[in-house]
Each structure stands twice: as C-alpha cells, then as structure tokens.
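Engineer:
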Amino acid sequence: MVPPTPVCMSPLLQASAFFGSWQALRFLINREDALGLASDAVLTQAFLDLLKDDEIGSSLATQRAFEAKEGADEVPWSALASLLEGVTIEGDTALHLLATYGDGENFLKSAGLIYRSAKHLLVAQNRKGDSPLHCAARAGRSEMISLLIALASDESSSGERFKEVVRMENGHKETALLQAIRFGSNHIAELLMAADSELANFPKEGMSPLYLAVFLEQVDTAKSLYRTS
-13 MVPPTPVCMS PLLQASAFFG SWQALRFLIN REDALGLASD AVLTQAFLDL
37 LKDDEIGSSL ATQRAFEAKE GADEVPWSAL ASLLEGVTIE GDTALHLLAT
87 YGDGENFLKS AGLIYRSAKH LLVAQNRKGD SPLHCAARAG RSEMISLLIA
137 LASDESSSGE RFKEVVRMEN GHKETALLQA IRFGSNHIAE LLMAADSELA
187 NFPKEGMSPL YLAVFLEQVD TAKSLYRTS
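First residue of the sequence shown? That's -13 in my numbering, and the numbers climb one at a time after it.
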C-alpha cells in the first residue's frame, strides 16, 4: 500500500509554533476555514496581530469581532485534523516545532492546546524518526520535557502510552535520553531517568546511554546512569 501524501503545514500554523503564540494558535483552531485563512488579507492581518505580545488585547478584541460577524464555531474534527496534520518539509508537526523552539509559558500553553486537539501527535515522528520528546531533549528544553512527560502519563492508567512516548527510538535507534546525553544536557537526562527508572536500559540494541555518557566524558550523567541501571 502506498502511504498517503503528507499534508503541507499551513504557514500560519508554522508561524504560530515558531513564535510560541498560543493566541494565534487558538485563532487558527477556532476557525472553520483555517486552511484557507492565508488567502484572506484581513483575517491574515488579524492573525499576525496575535503574534505581537504588545497587541494581544486589541487583537483578541479583533478576533471576537470576526467570530461574532461570521458566526465562527469550534472547528469540526475533519477540518481541525487537516490543519494539525500538516508537516514541514522535514516532516515536523506543530508539536515538533514547539518542542524545538521554546520552553516558556506561551510555548507550553501552545503545546497543551495542540495536544488536546490531536493527542496522537505526541508520538508522531518526523522524517528522521524524531518524536516531539526527541526534539525537546536535543534542544535542552527542560520545561517542555516535563510537560510532554506529564501529558504522556495522563493518557492511560496502564502506563503503556507513557512507555511508548519515553522509550521511542528515532531513525538512528536513539531514545530521547540518548539525544540528551549526546547534546550534553545532563539536567534533561536526569529528568528523563526520574520519569522512567528503566530508561537507562533502552534501547535494547545498539549503544547504551551509559556507554555514550562515558565515551563523551559526561561524568555526572554517567554516575546517574550507573546508579539507575
């Protein structure tokens, strides 16, 4: 079976994720015609206003005016799914972008908005096989790591979804923990190990986290891994 052609990400969605603007993101999510918004100059300007922190108040008023005028409701699942299924040329979803580019409150709130609308994106993989957790680990985004772990923990009482998220391997057979070690983020490594005490034993094949930490002379991380493995 030929895999479906990926949906190209809306440039407005990409801008929302890049800037971590939850206001702009919510504006897109709450519009039924979000995919065609870029062709409407007036609505596009209203969206762009939302990207500017110093104009949030007036922009929200503008948003409410447009919604009242056009009777905008919550986006039907089919339209919303199409919007959030969009990916970049690298295969990144909006959640990948948020995990890569920011760690502040606005980025975290944006990630929460996307997760509530499309929970499956938590385990989505880009062309390199990276999940949003891989991206956050590589970028050293500790607050985003904590949020993604919390979201995974809340999904089921069995813990299987949590294990899937935390232990997922990318195209190089590396977990988010290995990415954190490779990029020298000891704090991120400790966060991941605290969340899953068995994570130091993954992946089952290939380079182990402990070996990589020793090889890269990351003494503190190696000690933490030794204590938990």
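For every residue, glycine included, the Cβ atom is placed at its ideal position computed from N, Cα and C.
Would DSSP call G57 helix, strand or coil?
Structural biologist: Interpretation of G57 is limited by its pLDDT of 41, a score under 50 that renders its predicted location unreliable; the figure taken from the coordinates is listed afterwards. Residue state, collapsed to three classes: coil.
Engineer: CB-CB under 6 Å to T48, same chain, minus the five flanking residues each way: which ones, in chain order?
Structural biologist: Because T48 sits at a pLDDT of 44, beneath the cut-off of 50, its placement in the model cannot be relied upon, and the point is left open.
Engineer: Using 8 Å as the Cβ pair cut-off and three pairs as the minimum, do the region 101 to 114 and the region 159 to 172 touch?
Structural biologist: Verdict: no, contact absent.
Engineer: Let me know if S183 comes out buried or exposed under the rule of 16 or more other beta-carbons within 10 Å of its beta-carbon.
Structural biologist: Exposed.
Engineer: Determine the DSSP secondary structure at V73, reduced to helix, strand or coil.
Structural biologist: In this structure, V73 counts as strand in the three-state DSSP scheme.
Engineer: Grab me the residues of P195's own chain with a C-beta within less than 7 Å of its C-beta, minus the 5 sequence neighbours each way, in chain order.
Structural biologist: The residues are L163, L164, I167, A186 and L211.
Engineer: If you draw a straight line from the alpha carbon of F188 to that of F5, how long is it in whole angstroms?
Structural biologist: F188 and F5: Cα-Cα distance of roughly 34 Å.
Engineer: Whole alpha helix (DSSP H) runs in the region 66 to 122 with 4 or more residues, listed along the chain?
Structural biologist: DSSP runs (the alpha helix (DSSP H)) wholly in the region 66 to 122: 80 to 87 and 91 to 103.
Engineer: For V(-7) and E203, I'd like the C-alpha separation in whole angstroms.
Structural biologist: Those two C-alpha atoms are separated by around 42 Å.
Engineer: In angstroms with no decimal places, state the Cα-to-Cα distance between L81 and H120.
Structural biologist: Approximately 11 Å, taken between the alpha carbons.
Engineer: My assumption, with CB atoms under 8 Å, is that A180 sits in contact with M130. Please give the rounded CB distance.
Structural biologist: Going by Cβ atoms, the distance from A180 to M130 rounds to 16 Å, so no, they are not a contact pair.
Engineer: For T207, which residues from the same chain have a beta carbon less than 7 Å from its beta carbon, with the 5 sequence-adjacent residues on both sides left out?
Structural biologist: Closer than 7 Å at the Cβ level, and outside the excluded window around T207, lie I167, N172, A175 and A199.
Engineer: When the Cα of G157 is compared with those of S117, A138 and A136, which residue comes out closest?
Structural biologist: Comparing Cα-Cα distances from G157 to each of S117, A138 and A136, the minimum goes to S117.
Engineer: Straight-line CA distance for L91 to S128?
Structural biologist: Note on residue identity: the sequence assigns Glu, not Leu, to residue 91. Computed Cα separation, rounded: 12 Å.
Engineer: CB-CB under 6 Å to Y101, same chain, minus the five flanking residues each way: which ones, in chain order?
Structural biologist: The answer, listed in chain order, is L137.
Engineer: Looking at M(-5): is its Cβ nearer than 8 Å to the Cβ of V73?
Structural biologist: In this structure, V73 lies closer than 8 Å to M(-5) by Cβ.
Engineer: Quick one: measure Cβ to Cβ for S68 and L36, integer angstroms, because I've assumed they're closer than 8 Å.
Structural biologist: With 8 Å as the limit, S68 and L36 do not qualify as a contact, their Cβ atoms being about 21 Å apart.
Engineer: Report buried or exposed for G170, applying the criterion of at least 16 other Cβ atoms within 10 angstroms of its Cβ.
Structural biologist: Under this definition G170 is an exposed residue.
Engineer: For F93, which residues of its own chain have a beta-carbon under 6 Å away from its beta-carbon, when the five flanking residues on both sides are left out?
Structural biologist: Here the set comprises G6 and L84.
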